[in-house]
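J.: The sequence shown maps to residues 290 to 579 in the working numbering.
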Amino acid sequence: MTFAQKLKEMRTRAGMSQEKLAEKVGVSRQAITKWETDKGAPDMDNLMALSDLFGVSVDELLGREARRQSEGYLYESVTEYDVADPKRYDMKLGGARRLTVRGYEGEKLRVRLLSDTLATLAADCKVRIDDNRGRLDVDLMRQNGMTEAAAREGLMIEVELPNKYIYHVELTANVNELTVGELACEDLEFDGKVQTLVVDGFAGAMEIDSNLDMKAEIRALTGSLAINQVAAVSRLTVPAGFAFAARKRGIGNALYFEAAGQRVEDFSDPDAETVIELNGMKSELFLCRK
């Protein structure tokens, strides 16, 4: 099913007219008509708005998910490294469309580079790993003229970390989507740019430094999530019944609460062990309950 067909099907199933969908996304009705007749395509911001509205991933919206699950990506490059004791992981990965970081019960650091469009992926992107006693430095090196723009458009990175050999993770990257799942460590720090964040199982202290407006979702979290931003407006969705304390620090920051798309009173629990915190300056964080 093409994107045009998928969009029309989801809009119809939701009982929305083209005018209503255009209003919710913030575009003209003519733009919706072009998208549904395959005469135009939304940019990434509008794709993310549509995926958030209909509750599906961007890949599913584009009709990619089913094909990838059955066929895999066209191009793949895998780097593995045996780990024998607890490490600090310092990973500088540069630009990518999607970055997934997951913990598992093995003994290897594994970095998968995936793409459907970068035919010379294995030659153009190299993973360099330096073992400096208690620290592993992981750098993604681009060569042969591979550009940052091409990486952000067509590169997916999947990192698997051995949970029993982690105590600190530091990530530097510029990505559209970041997913962290099934990971347990003392702390994880992300520095760079991210538009969509999914926390799909994390135990520890997570810190996100990104000044882009961000759409985030917590599916499972034990510990803390600190969002550090300057002049940004972000939305964080939490599950129904999820207990957390909400805090704001810094200058000119504000926290707001929503349920079913409406502003509501503060539903956080100041005594909860899990903490969500907004830091930085002049930023807004909307905490949304499913």
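Glycine included, every Cβ here is placed at the ideal spot set by N, Cα and C.
1. Looking at the structure shown, is Val316 part of a helix, part of a strand, or coil, going by DSSP?
2. Pull the bridge partners of Tyr362 from the DSSP assignment, please.
3. When you compare only the Cα positions, how much space is there between Glu562 and Ala529?
4. Based on the DSSP output, what are the partners of Thr406 in its beta bridges?
5. If you pair each beta-carbon of the region 499-507 with each one of the region 553-561, do three or more pairs fall below 8 Å?
6. Checking 9 Å against the spacing of the C-beta atoms, do Glu459 and Arg377 come in under that value?
7. To the nearest whole angstrom, what separates the beta carbons of Tyr370 and Lys397, a pair I think is in contact under 8 Å?
8. Confirm, please, whether the CB-CB distance from Glu573 to Ala515 is below 9 Å.
9. When you compare only the Cα positions, how much space is there between Gly423 and Gly304?
10. Is Ser557 close to chain C, meaning its C-beta is less than 9 Å from at least one C-beta of that chain?
11. How is Leu328 classed by DSSP in three states: helix, strand or coil?
12. At which residue ranges does the region 406-469 contain complete alpha helix (DSSP H) runs of 4 or more residues, listed in the order of the chain?
13. Let me make sure I understand the geometry here. Which of Arg417, Gly395, Thr326 has the alpha-carbon closest to that of Gln432?
14. List the residues that DSSP assigns as beta-bridge partners of Asp498.
15. Roughly how many angstroms lie between the CA atoms of Lys415 and Leu382, to the nearest whole one?
16. Is DSSP giving Tyr563 helix, strand or coil here?
17. Do Leu388 and Ile446 have their CB atoms nearer than 9 Å?
18. Does the beta-carbon of Asn421 have 16 or more other beta-carbons within 10 angstroms, so that it is buried, or is it exposed?
19. For Pro375, I'd like the list of residues in its chain whose CB is within less than 6 Å of its CB, leaving aside the five on either flank, ordered along the chain.
20. So the candidates are Tyr545, Val390, Thr301, Asn500; which of them puts its Cα closest to the Cα of Asp489?
21. Go ahead and label Val400 buried or exposed: buried means 16 or more other beta carbons lie within 10 angstroms of its beta carbon, across all protein chains shown.
22. Run through DSSP, which three-state label would Thr368 get?
23. Do Val519 and Gly443 have their CB atoms nearer than 9 Å?
24. Counting only the same chain and skipping the five closest in sequence on each side, list residues whose C-beta sits under 7 Å from that of Gly395.
25. So what does DSSP say about Phe491, is it helix, strand or coil?
26. Enumerate in chain order the residues of its own chain whose CB-to-CB distance from Asn542 is below 6 Å, with the five nearest sequence positions on each side excluded.
27. If you drop the 5 nearest sequence neighbours on each side, which residues of the same chain put their C-beta closer than 6 Å to that of Asn517?
T.: So, from the listed chains and residues:
1. coil
2. In the DSSP output, where bridge partners are listed per residue, Tyr362 has none listed.
3. Answer to the nearest angstrom: the Cα atoms are 17 Å apart.
4. For Thr406, which the question treats as bridged, DSSP gives no partner whatsoever.
5. no
6. yes
7. Right, their Cβ atoms sit about 6 Å apart.
8. no
9. 56 Å
10. Of the protein chains in this structure there is only one, and it is not chain C.
11. Before going further, note that residue 328 is Lys rather than Leu in the sequence given. In this structure, Lys328 counts as coil in the three-state DSSP scheme.
12. Entirely contained in the region 406-469, the alpha helix (DSSP H) runs reaching 4 residues are, in chain order, 410-413, 437-443.
13. Arg417
14. Asp480, Asn517
15. 10 Å
16. The amino acid occupying residue 563 in the given sequence is Thr; Tyr does not appear at that position. Here Thr563 sits in coil by DSSP.
17. Cβ distance < 9 Å, so Leu388 and Ile446 count as in contact.
18. exposed
19. When the five nearest sequence neighbours on each side are left out, the beta carbons in the same chain lying within less than 6 Å of the beta carbon of Pro375 are those of Tyr454, Tyr456, in order along the chain.
20. Out of Tyr545, Val390, Thr301, Asn500, the CA that lies nearest to the CA of Asp489 is found in Val390.
21. buried
22. strand
23. no
24. Cβ neighbours of Gly395 beyond the five flanking positions: Pro451.
25. Three-state DSSP puts Phe491 in a strand.
26. Leu567, Ser572
27. Asp498, Asn568, Gly569
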